[in-house]
Amino acid sequence: ANEHATSGLYSIHAGYNHQFPNRWVVGLEVEAARTWLRAEDKVASINPGMAARRWLENTTQYDVDWTAGLYGRLGYAFSDRFMAFGLAGLALAHETQGRDQYRADSADRWNPDGSETGVFFVERVDRVRKGITLGLGSEYALSDRWSIRADYRYTRFGATDFTFGNARAGTGRDYSVTTATQIGTDWFPAPFPPGSDICSLIPDLCVPYEGPVYRYDTVNYTGTSSVIEGRRASNDMDQHALRVGLSYRF
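The sequence shown runs 87 to 336 under the working numbering.
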């Protein structure tokens, strides 16, 4: 599934720049950022009838809460105050994926799929993604110490596996069906002993009687929500960021 999320962020960075006499600037920068990138993917029930009514089999939440990076910078100082630069380096991103497993509300022989689904349990897996960042930007000195900067960064995070070991095959619940089969007849004692007051009113209740004998068979059906299959999701992530910030020179 392709998911898109938009979020703000705030970050702190520290680095070192060195300017050569020919106005070229090289530098190294480390950064950590707090983000709120969130998205959700919903998967309909595998049962066509329930899917038509928009009942779910599972939902997956994606949450990236921090990123970090180490970048090299190469820039050119067009004046004493203005510099344009490019950057490249390694990036990290902490992502948590949560998977809500759904299960049917009921099951029986007449309606084995139930009438709706609800959350059965939740699994959460977190990983630190690794990637490569490329960017372009500029910086303008407001004073000898303070400068304002703006840049665009593209980060490509490679495929990362998220394993949900308790994921189920579907949403169906367990149920049982019991059937009765007549296998013959037998004689049974009278419901009331002879001489009871009721015998004068209903004589048949005071004599043995022949009745059917049944065999009861119960078949247990395992619902798909009891079948543990597990899920392994492998996905990558692209991040585009526009950043504006202040820098202080020590």
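All C-beta atoms, glycine included, are put in the ideal place defined by N, C-alpha and C.
{"Check": "CA-to-CA distance, R318 to F164, given in whole angstroms", "Outcome": "51 Å"}
{"Check": "Per-residue burial, W273 [other beta carbons within 10 Å of its own, 16 or more giving buried]", "Outcome": "exposed"}
{"Check": "Continuous alpha helix (DSSP H) assignments of at least 4 residues falling wholly in the segment 250 to 291", "Outcome": "none"}
{"Check": "Proximity below 8 Å, CB of D212 to CB of H180", "Outcome": "yes"}
{"Check": "L160 and F171 closer than 8 Å at C-beta", "Outcome": "yes"}
{"Check": "Sequence-distant residues of the same chain with beta carbon closer than 8 Å to H90, five excluded per side", "Outcome": "A125"}
{"Check": "Secondary structure of T246, DSSP reduced to three states", "Outcome": "strand"}
{"Check": "Meets three-Cβ-pair contact criterion under 8 Å: the segment 260 to 276 and the segment 297 to 317", "Outcome": "yes"}
{"Check": "Straight-line Cα distance separating V208 from E143", "Outcome": "12 Å"}
{"Check": "Same chain, Cβ closer than 6 Å to A177, neighbours up to 5 away in sequence not counted", "Outcome": "G155, G217, T219, T241"}
{"Check": "Element boundaries [alpha helix (DSSP H), containing P402]", "Outcome": "Outside the displayed span of the chain (87 to 336) sits residue 402, for which this structure offers no information."}
{"Check": "Chain-order list of residues whose beta-carbon lies under 6 Å from that of P298 (same chain, five-residue window excluded)", "Outcome": "Q268, T271"}
{"Check": "Limits of the beta strand (DSSP E) - the one that N321 falls within", "Outcome": "317 to 334"}
{"Check": "Neighbourhood of V129 by C-beta, 6 Å cutoff - its chain only, sequence neighbours within 5 removed", "Outcome": "E143, N144"}
{"Check": "Short Cβ contact (8 Å threshold) for R239 with R329", "Outcome": "yes"}
{"Check": "Beta-carbon proximity check, A253 vs E315, cutoff 8 Å", "Outcome": "yes"}
{"Check": "Length of the line joining the Cα atoms of L287 and P275", "Outcome": "18 Å"}
{"Check": "Nearest candidate by alpha-carbon position, reference D322, set Q183, V112, A174, M136", "Outcome": "Q183"}
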